[in-house]
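Novice: Got a structure for you, questions after.
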Amino acid sequence: MRISGFRDEIAQICISCAGSRLTTLLGECHSVEQNRSPKALTTRRRNVPVKSQWRVYYPFVGPFDPCPPILEKWYVVPPNVTMPWQATNLQQFSPQEALKLGTLWPAYYSPYEGRRG
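The following block contains the structure:
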C-alpha cells in the first residue's frame, strides 16, 4: 500500500511484529538479503515459479534470540489480491465443477497445495 510522505517507497506492515510496526521495504525490522549467512542462503527453496501464489520472506535473526531461528517464512497470496477488478466475459467453469472447486472463474481458482507433500 502507498502512504503519503514516503515518496516512491512502498510501506508495508511488518508481519513478524504482528502489525505493530510500519516499515519501508522491510528494511527496519528485518534483515535484507545481503545480511544473510551463507547457510541461510543455501536453505532457500529455488523451485518456486515466479507466478506462483506462494511468497517467501526472510525474518530478522538476532544474535541474542533465545529460540532457534526461523530462516524463511512462506505464505499464500490468493489470486483475487493481484487482480484489481473483475474483468467482464471471463471464462467460467461448469456449475458442477464450480461447486466442487469453490469458484466460478478459473482465473480466481487457488488450489490448496500442502507443503508437506
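Our numbering puts the first residue of the sequence shown at 29, with every later residue one more than the last. Beta carbons are placed, not taken as given, at the ideal position from N, Cα and C, and that holds for glycine.
1) From what residue to what residue does the alpha helix (DSSP H) around V109 run?
2) Output the distance between the C-alpha atoms of L127 and G90, rounded to the nearest integer angstrom.
3) Below 8 Å, can you find three or more Cβ-Cβ pairs linking the region 93 to 103 to the region 112 to 122?
4) Consult DSSP for Y136 and reduce its assignment to one of helix, strand or coil.
5) To which residues does DSSP link K101 through a beta bridge?
6) Restricting to Cα atoms, I'd like to know which of V104, M111, E100, Y140 is closest to W82.
7) So for L127, helix, strand or coil by DSSP?
Specialist: With the given structure in hand:
1) On the sequence shown, residue 109 is found 81 positions in, with the first residue counted as 1. Segment 107 to 110, the alpha helix (DSSP H) holding V109.
2) As a first step, residue 127 is located in the sequence shown; it is residue number 99 there, counting from the start. As a first step, residue 90 is located in the sequence shown; it is residue number 62 there, counting from the start. Going by the C-alpha atoms only, they are around 47 Å apart.
3) A contact is defined here as three or more CB-CB pairs under 8 Å, and the region 93 to 103 fails this definition with respect to the region 112 to 122.
4) Start at 1 with the first residue of the sequence shown, and residue 136 comes out as number 108. DSSP places Y136 in helix when its eight states are reduced to three.
5) Taking the first residue of the sequence shown as 1, we reach residue 101 at position 73. Per DSSP, the beta bridge partners of K101 are Y85.
6) Residue 82 sits at position 54 when you count from the first residue of the sequence shown. When each option's Cα is compared against that of W82, the closest is V104.
7) For the purposes of this step, residue 127 is identified with residue 99 of the sequence shown, where counting begins at 1. Looking at L127 - three-state DSSP - the assignment turns out to be helix.
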